[in-house]
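S.K.: Below are the structure tokens for one structure; questions will follow.
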Amino acid sequence: MRQAAAGSRPQDDVASALLSAILDMAGDLDARSLLERFVAASTGLTGARYGAINIVDANGASVEFVQSGITDSVVGLLGHPPHAWGVLGVIPDEGVLRLDDLTQHPAFRGLPPGHPPMGSFLGAAVRVRGERFGTLYLSEKEGGFGPDDEAVVLSLAAAAAVAVRNSQSYALEVRRHQWLTAAQEIATMLLEGADAEDVLERVAAAAAQVADADVAAIVLPGADDELLVEIVTPAGRSLLGADMSTEGRVRAAFDDGTGCLVADTGDSPALVGYGPSLFAPLHAHGEGMGVLVLLRRAGAAPFTEEDLHLAQSFARQAALAFVLGEAQRLRGHAAVRDERTRIARDLHDLAIQQLFAAGMQVEALRTDPSGPVSAEAAQVLEQVVGHVDAGIRQIRVIVRTLDDPGATIPLVERVVAEVELARSSLGFAPHLSVHVDGVSVDPIAGDRVVTGGIDEVVAPGRANNVVAVVREGLSNVARHARSHAVSVRLSVTTGEAGQVVVEVEDDGVGVPPARTRSSGTRNLAQRAEESGGSFALLRPASGRGALLRWSAPLD
1048 MRQAAAGSRP QDDVASALLS AILDMAGDLD ARSLLERFVA ASTGLTGARY GAINIVDANG
1108 ASVEFVQSGI TDSVVGLLGH PPHAWGVLGV IPDEGVLRLD DLTQHPAFRG LPPGHPPMGS
1168 FLGAAVRVRG ERFGTLYLSE KEGGFGPDDE AVVLSLAAAA AVAVRNSQSY ALEVRRHQWL
1228 TAAQEIATML LEGADAEDVL ERVAAAAAQV ADADVAAIVL PGADDELLVE IVTPAGRSLL
1288 GADMSTEGRV RAAFDDGTGC LVADTGDSPA LVGYGPSLFA PLHAHGEGMG VLVLLRRAGA
1348 APFTEEDLHL AQSFARQAAL AFVLGEAQRL RGHAAVRDER TRIARDLHDL AIQQLFAAGM
1408 QVEALRTDPS GPVSAEAAQV LEQVVGHVDA GIRQIRVIVR TLDDPGATIP LVERVVAEVE
1468 LARSSLGFAP HLSVHVDGVS VDPIAGDRVV TGGIDEVVAP GRANNVVAVV REGLSNVARH
1528 ARSHAVSVRL SVTTGEAGQV VVEVEDDGVG VPPARTRSSG TRNLAQRAEE SGGSFALLRP
1588 ASGRGALLRW SAPLD
């Protein structure tokens, strides 16, 4: 029986410990935990004081580093993990690099200030699927490393490679499931009628979480063929409103549906400060709807081709869900229009005709000379005829309203309804004020709404715009402002230069410092442009909250 050398562990004990370490690694599917087990087993079985596994990018810069032996305080002083340069850069892909004193190697460049002294050294590559995954560093073994240590390290590296491959496969399946779950959530939100901006925010948040990105942004088309960052996760607020029209990778993804990976976006003026990035087109039926951009901080691990594949699949599903959601919305509108038409037809053909016939019978009874009635009865019959006529007129108004909702409802009354409806989403009642030529009009008088003659000067089409602006303005406050008070002001100025002005002011978080763009405010700006008016999102004179101001000519 072979005897163990003095100070070394018996071979049977080493073999048993090696087998135990291999089995421990094989059962660990968490990448970080697996690397820690690998380093601990390597130092424990070889007797090294220091050990680490370094995973680097194509330039040799460390993107993940797991070590043991050096205290946290020293790690903090060193600043960053070592790069694969100098002696660390000459460790072979196959076999090991074993040195009695690494400081004597020709490639040695010195140790950084504060780094513990190191002499004996053993380095070996960990290869996964034929490619170097990471590199093991061991140092400072009393008496130096020997052939037995090489054999142990190579066995552990081979076992670690298998375990890493299993861990990667498991992580990939988990990510696939997460992407699929996120896509299903987006589709459900759209089919349930969720606001498009809320859905886009969820798309960005889900993509950032699943892809482990620091920032997710959605670029959408604007006026004049612009491509603007409309939605962004909180960590990237400075990107909101950024113009990506000249960013070639964004343009290619939007126009051609071509996604891509970038190792470092430092060359892009709009993305300075970020490193690895991923561009996934939001395309459906060959048409570009936007671009999903995922960003990681400079120096972070790059995105992989698998990340791109999964992100593009998610983006396609999200884009298709938008198309299906829009189709369902249009079908819903068509169904509502059909139902309105049916109700209007029934009211006209049935209710009005029956009332008209009843009115004719009452009128005939009241005026029948062959059967005179008393004066009291004649008066009652006359009132009945008047009620029937009034009912017919009201039904005809309802029919016209069903054909064109809001057309026969005074503008102020419609604005009052929007303000009252916003109470539930805001949690409090907004304040409404109305002015005509500088004179205040109390919009509510008892149980009726005062129109102030506004409908006589504001064209119906413009009135529809006003209602849409009030609705969108209050919706934006409810979603984003976190306010405690909101004022809605409707002001009409008559005359040759007459105009209608809508202001929605809140006391919430205010206007972001960056250029503010969102799908809701873009719609308001487009309404103003189409109406020959203006739109602005400002900071109020009070310095708190935000002021939305929209104006347009009267017709």
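Residue numbers (the working numbering): 1048 to 1602. C-beta atoms are modelled at their ideal positions from N, C-alpha and C, and glycine is treated no differently.
Here's a check: name, in chain order, each residue in its chain whose Cβ is nearer than 8 Å to the Cβ of V1409, leaving out the five neighbours to either side.
M.R.: Stepping through the sequence shown from its first residue, residue 1409 is reached at position 362. Counting only Cβ-Cβ distances below 8 Å, and skipping sequence neighbours, we find L1428, V1431, V1432, V1435.
S.K.: Report back the beta-carbon spacing between R1098 and L1201 to the nearest angstrom; my notes put them in contact at under 8 Å.
M.R.: Start at 1 with the first residue of the sequence shown, and residue 1098 comes out as number 51. Start at 1 with the first residue of the sequence shown, and residue 1201 comes out as number 154. Note on residue identity: the sequence assigns Gly, not Arg, to residue 1098. With a Cβ gap of about 15 Å, G1098 and L1201 do not count as contacting.
S.K.: Helix, strand or coil: how does DSSP classify H1356 here?
M.R.: Position 309 of the sequence shown, counting from 1, holds the residue named residue 1356. DSSP places H1356 in helix when its eight states are reduced to three.
S.K.: So F1301 is in the alpha helix (DSSP H); what residue range does that whole segment cover?
M.R.: Taking the sequence shown and counting its residues from 1, one reaches residue 1301 at position 254. Per DSSP, F1301 belongs to the alpha helix (DSSP H) from 1295-1303.
S.K.: Is the beta carbon of A1348 sitting closer than 7 Å to the one on V1122?
M.R.: Stepping through the sequence shown from its first residue, residue 1348 is reached at position 301. Stepping through the sequence shown from its first residue, residue 1122 is reached at position 75. Cβ atoms of A1348 and V1122: not closer than 7 Å.
S.K.: Reducing DSSP to helix, strand and coil, say where W1226 ends up.
M.R.: Taking the first residue of the sequence shown as position 1, residue 1226 is located at position 179. Helix at W1226.
S.K.: How about V1549 and V1513: do their beta carbons lie closer than 7 Å?
M.R.: As a working note, residue 1549 is residue 502 in the sequence shown. As a working note, residue 1513 is residue 466 in the sequence shown. Closer than 7 Å, so yes.
S.K.: Could you have a look at H1130 and say whether DSSP puts it in helix, strand or coil?
M.R.: The residue labelled residue 1130 in the question sits at position 83 within the sequence shown. The answer is coil: DSSP assigns H1130 none of H, G, I, E or B.
S.K.: Using DSSP with H/G/I as helix, E/B as strand and the rest coil, what is G1181?
M.R.: By 1-based counting over the sequence shown, the position of residue 1181 is 134. G1181 falls in the strand class under three-state DSSP.
S.K.: Reducing DSSP to helix, strand and coil, say where F1361 ends up.
M.R.: Taking the first residue of the sequence shown as 1, we reach residue 1361 at position 314. The answer is helix: DSSP assigns F1361 an H, G or I state.
S.K.: Pull up the distance between the alpha-carbon of L1458 and that of D1489, whole angstroms please.
M.R.: On the sequence shown, residue 1458 is found 411 positions in, with the first residue counted as 1. On the sequence shown, residue 1489 is found 442 positions in, with the first residue counted as 1. About 14 Å.
S.K.: Residue range of the alpha helix (DSSP H) that L1339 falls in?
M.R.: The residue labelled residue 1339 in the question sits at position 292 within the sequence shown. Taken as a continuous stretch (DSSP letters only), L1339 belongs to no alpha helix (DSSP H), being part of the beta strand (DSSP E) at 1334-1344.
S.K.: Can you have a look at G1580 and say buried or exposed, based on whether 16 or more other CB atoms are within 10 angstroms of its CB?
M.R.: Residue mapping note: residue 1580 aligns to position 533 of the sequence shown, counting from 1. Looking at its Cβ environment, which holds 16 or more other Cβ atoms inside 10 Å, G1580 is buried.
S.K.: Between which residues of its own chain and A1218 is the CB-CB distance below 7 Å, once the five residues before and five after are set aside?
M.R.: Position 171 of the sequence shown, counting from 1, holds the residue named residue 1218. Taken in chain order, the residues that qualify are A1078.
S.K.: Quick one: is M1291 buried, meaning 16 or more other Cβ sit within 10 Å of its Cβ, or exposed?
M.R.: Taking the first residue of the sequence shown as 1, we reach residue 1291 at position 244. Flag for M1291 reads buried.
S.K.: Would you call A1492 buried or exposed, if buried means 16 or more other Cβ atoms sit within 10 Å of its Cβ?
M.R.: Counting from one through the sequence shown, the residue named residue 1492 turns up at place 445. Summary for A1492: the model assigns pLDDT 41, below 50, so the residue's position carries little reliability, and this model does not support an answer.
S.K.: Please classify N1352 as buried or exposed, where buried requires at least 16 other C-beta atoms within 10 Å of its C-beta.
M.R.: Within the sequence shown, the letter at position 305 stands for residue 1352. Asn is not the amino acid found at residue 1352; the sequence shown has Glu there. It is exposed - the Cβ of E1352 has fewer than 16 other Cβ atoms within 10 Å.
S.K.: Since T1357 and W1226 are thought to touch, with beta carbons under 8 Å apart, how far apart are those beta carbons, to the nearest angstrom?
M.R.: As a working note, residue 1357 is residue 310 in the sequence shown. As a working note, residue 1226 is residue 179 in the sequence shown. In the sequence as displayed, the identity of residue 1357 is Leu instead of Thr. Yes, L1357 and W1226 are in contact; Cβ-Cβ is about 5 Å, under 8 Å.
S.K.: Under three-state DSSP, which class holds S1315?
M.R.: Taking the sequence shown and counting its residues from 1, the one referred to as residue 1315 is at position 268. In the structure shown, S1315 sits in coil (DSSP, three-state: anything other than H, G, I, E or B).
S.K.: Rank L1325, E1334, T1305, E1294 by C-alpha distance to the C-alpha of A1317 and give the top, closest one.
M.R.: Position 270 of the sequence shown, counting from 1, holds the residue named residue 1317. Among L1325, E1334, T1305, E1294, the Cα nearest to that of A1317 is on E1294.
S.K.: Going by DSSP, what residue range makes up the beta strand (DSSP E) through S1487?
M.R.: Along the sequence shown, read from residue 1 onward, the residue named residue 1487 stands at position 440. Where S1487 is concerned, the enclosing beta strand (DSSP E) stretches over 1486-1488.
S.K.: If you draw a straight line from the C-alpha of V1516 to the C-alpha of V1539, how long is it?
M.R.: Numbered from its first residue, the sequence shown carries residue 1516 at position 469. Numbered from its first residue, the sequence shown carries residue 1539 at position 492. Distance between the alpha carbons of V1516 and V1539 is about 15 Å.
S.K.: How about A1525 and L1473: do their beta carbons lie closer than 7 Å?
M.R.: Numbered from 1 along the sequence shown, position 478 holds the residue referred to as residue 1525. Numbered from 1 along the sequence shown, position 426 holds the residue referred to as residue 1473. Yes, they are a contact pair.
S.K.: Where does Q1231 land, buried or exposed, given buried means 16+ other C-beta within 10 angstroms?
M.R.: The residue you call residue 1231 lines up with position 184 of the sequence shown. Q1231 is exposed by the Cβ-count criterion.
S.K.: Do S1578 and A1544 come within 7 Å of each other at the CB atom, strictly closer than that value?
M.R.: Position 497 of the sequence shown, counting from 1, holds the residue named residue 1544. Position 531 of the sequence shown, counting from 1, holds the residue named residue 1578. Result no, Cβ atoms of A1544 and S1578 do not sit closer than 7 Å.
S.K.: Within 10 angstroms of the Cβ of E1178, are there 16 or more other Cβ atoms? Answer buried if so, exposed if not.
M.R.: As a working note, residue 1178 is residue 131 in the sequence shown. E1178 is exposed by the Cβ-count criterion.
S.K.: Can you give the Cα-Cα distance for A1588 and P1281, rounded to whole angstroms?
M.R.: Indexing the sequence shown from 1 puts residue 1588 at position 541. Indexing the sequence shown from 1 puts residue 1281 at position 234. For A1588 and P1281, the distance between alpha carbons rounds to 27 Å.
S.K.: Just the Cα atoms here: how many angstroms apart are G1346 and D1314?
M.R.: Position 299 of the sequence shown, counting from 1, holds the residue named residue 1346. Position 267 of the sequence shown, counting from 1, holds the residue named residue 1314. Approximately 14 Å, taken between the alpha carbons.
S.K.: Jot down the residue ranges of each uninterrupted beta strand (DSSP E) in the region 1217-1283, minimum 3 residues, whole runs only, in chain order.
M.R.: Within the region 1217-1283, the complete beta strand (DSSP E) runs of at least 3 residues are 1262-1268, 1274-1279.
S.K.: Hey, S1214 and L1076: beta-carbon distance below 7 Å or not?
M.R.: The residue you call residue 1214 lines up with position 167 of the sequence shown. The residue you call residue 1076 lines up with position 29 of the sequence shown. Going by C-beta atoms, S1214 is nearer than 7 Å to L1076.
S.K.: Would you grab the beta carbon distance between D1554 and S1530 for me? Rounded to a whole angstrom, and I think it's under 8 Å.
M.R.: Residue mapping note: residue 1554 aligns to position 507 of the sequence shown, counting from 1. Residue mapping note: residue 1530 aligns to position 483 of the sequence shown, counting from 1. Confirmed, about 5 Å.
S.K.: Can you name, in chain order, every residue of its own chain whose Cβ lies under 6 Å from the Cβ of A1154, other than the five neighbours on each side?
M.R.: The sequence position of residue 1154 within the sequence shown is 107, counting from 1. Excluding positions up to five away in sequence, the list reads G1133, V1134, V1137.
S.K.: Between the Cα of E1334 and the Cα atoms of A1366, L1308, S1360, which residue gives the shortest distance?
M.R.: Here residue 1334 corresponds to residue number 287 of the sequence shown, with the count starting at 1. Comparing Cα positions, the closest option is A1366.
S.K.: So which of D1148, P1160, T1150 has the shortest CA-CA distance to H1127?
M.R.: Looking up residue 1127 in the sequence shown gives position 80. Out of D1148, P1160, T1150, P1160 has the C-alpha closest to the C-alpha of H1127.
S.K.: Exposed or buried, P1164, counting other C-beta atoms within 10 Å across all chains shown (16 or more means buried)?
M.R.: Here residue 1164 refers to the residue found at position 117 when the sequence shown is read from its first residue. The residue is exposed, with fewer than 16 neighbouring Cβ atoms inside 10 Å.
S.K.: How long is the line joining the alpha carbons of A1510 and G1320, rounded to whole angstroms?
M.R.: Residue numbering aside, residue 1510 sits at position 463 when the sequence shown is read from its first letter. Residue numbering aside, residue 1320 sits at position 273 when the sequence shown is read from its first letter. One C-alpha to the other measures close to 46 Å.
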